[in-house]
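J.: Residue numbers (the numbering used here), protein chains in the order written: chain A, 333 to 431; chain B, 2 to 275. The C-beta atom is built at its ideal place from N, Cα and C for all residues, glycine as well. Everything numeric in this text was worked out from a predicted model, so none of it was measured. Sharing a structure, written as structure tokens. Questions coming.
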């Protein structure tokens, strides 16, 4: 299977994640869809690393995983805080910063 | 063989991604994401990224997803009942529970727009990735020779991480530390250090205050609240009523977190505990 197939899968996964971020309103699911987008990017990185036989892409994929872990950590902490304050768990209703 | 495995894993990854986006219950979304991550790990293995695949399964599908499951279980029914069903007061539409078809018109517009934008992103990515004119994109990758230090093995990645990408490695570890501190600050039970009054009301200073300052969200404060001595005095006066199981079966902590209205406000309003 050529590298192009892997890139196609990564593009599809990224687009699905983007659609999920835009349509879903539960912040938990929005975070999950963000993970999908990061994973699509990861797959492209690793496919390109394989294409050139160079490990830099794999290291960058690991860094992306680290950043994803941090983002999950903070995002879930925020969701728990929102839940504790008994605010609605809905990204459309949480718009106090909108001005 | 490898192409069969590729198509199975790719179908699994895409099906998992669709499941995350489509499924209504966040718990099922998390499970779909776990399946997606496992399929993606197979793809990584096919791309000879063994170490990254192992990290993906152990850290991502193992640890991070467990964190998700915990939060879904904690937030519970309010998260799943939210889904797409809440009315949208912003547009003045108070339509009550609405299923997928009966969405208020603005939501349907948002969905249509999101689908269009997602399709646009997909086409653009296809053009950018596959129409790039890179000749190697149609190939099967660079030549690969197995061995103990071969491409993608832990030795190879570790060598890169600790020599060429040492700064990146250190920055990533620092970022993890910051995120851990931030998560603790965000998610602890009390509403942050804002409740200075309760801290200042404490009369005597005990030695533990130096090693474990007040208001830092320790487990004891999570259970009893900041005003430790006062809570205990009140619990004694009330005949141990605080902290007992309430008639409706919910265990009610002696004092509720700083934010939000306490659920049994009338009973406690006179005590001035907050």
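Are the beta-carbon atoms of residue 10(B) and residue 44(B) separated by less than 7 Å?
T.: It is a contact, given that the beta carbons lie within the stated cut-off.
J.: Please list the segments of the beta strand (DSSP E) lying wholly inside the region 363-402 of chain A, counting only runs of 3 or more residues, in order along the chain.
T.: Listed in chain order, there is nothing to give.
J.: Which word fits residue 125(B), buried or exposed, when buried means at least 16 other C-beta atoms lie within 10 angstroms of its C-beta?
T.: Classification for residue 125(B): exposed.
J.: Answer yes if the region 385-403 of chain A comes into contact with the region 11-25 of chain B, meaning at least three C-beta pairs across the two stretches below 8 Å, and no otherwise.
T.: In short, these stretches do not touch, since the Cβ pair count stays below three.
J.: Considering residue 174(B), what are the terminal residues of the alpha helix (DSSP H) in which it resides?
T.: Per DSSP, residue 174(B) belongs to the alpha helix (DSSP H) from 167-188.
J.: Among 365(A), 372(A) and 359(A), which one has its Cα closest to the Cα of residue 130(B)?
T.: Residue 372(A) is the option with its Cα nearest to residue 130(B).
J.: Is the number of C-beta pairs between the region 404-415 of chain A and the region 375-391 of chain A that are closer than 8 Å three or more?
T.: Because the criterion of three Cβ pairs below 8 Å is not met, the region 404-415 of chain A and the region 375-391 of chain A do not touch.
J.: Could you have a look at residue 40(B) and say whether DSSP puts it in helix, strand or coil?
T.: Three-state DSSP puts residue 40(B) in a helix.
J.: Of all the options 370(A), 360(A) and 359(A), which has the alpha carbon lying nearest to the alpha carbon of residue 343(A)?
T.: When only C-alpha atoms are compared, the closest one is 370(A).
J.: Please classify residue 150(B) as buried or exposed, where buried requires at least 16 neighbouring CB atoms within 10 angstroms.
T.: Label assigned to residue 150(B): exposed.
J.: Run through DSSP, which three-state label would residue 66(B) get?
T.: It is helical.
J.: Quick check on this structure: which residue in 61(B), 56(B) and 49(B) has the alpha carbon closest to the alpha carbon of residue 35(B)?
T.: If we check each option's Cα against that of residue 35(B), 61(B) comes out closest.
J.: Counting C-beta neighbours from all protein chains within 10 Å, is the total for residue 8(B) 16 or more, i.e. buried, or is it exposed?
T.: Exposed, because fewer than 16 other Cβ atoms sit within 10 Å of the Cβ of residue 8(B).
J.: Taking the alpha-carbon of residue 183(B) as reference, which of 421(A), 413(A) and 424(A) has the nearest alpha-carbon?
T.: That would be 413(A), whose Cα lies nearest to the Cα of residue 183(B).
J.: What's the C-alpha gap between residue 173(B) and residue 393(A)?
T.: C-alpha separation (whole angstroms): 12 Å.
J.: Using 8 Å as the threshold, is the region 130-147 of chain B in touch with the region 345-352 of chain A, meaning 3 or more CB pairs across them?
T.: No, the region 130-147 of chain B does not touch the region 345-352 of chain A.
J.: Given that residue 376(A) touches chain B, what residues does it touch there, using C-beta distances under 8 Å?
T.: The contacting residues are 130.
J.: Using DSSP with H/G/I as helix, E/B as strand and the rest coil, what is residue 300(B)?
T.: Absent from the model: residue 300(B). The displayed extent of chain B is 2 to 275, so no value can be given.
J.: Note down, in chain order, each residue of its chain lying with its Cβ closer than 7 Å to the Cβ of residue 157(B), except the 5 sequence neighbours on either side.
T.: For residue 157(B), where only same-chain residues beyond five positions count, the Cβ hits under 7 Å are 150 and 151.
J.: For the alpha helix (DSSP H) holding residue 291(B), just list the boundary residues, first then last.
T.: No information on residue 291(B) is available, as it lies outside the stretch 2 to 275 that chain B covers here.
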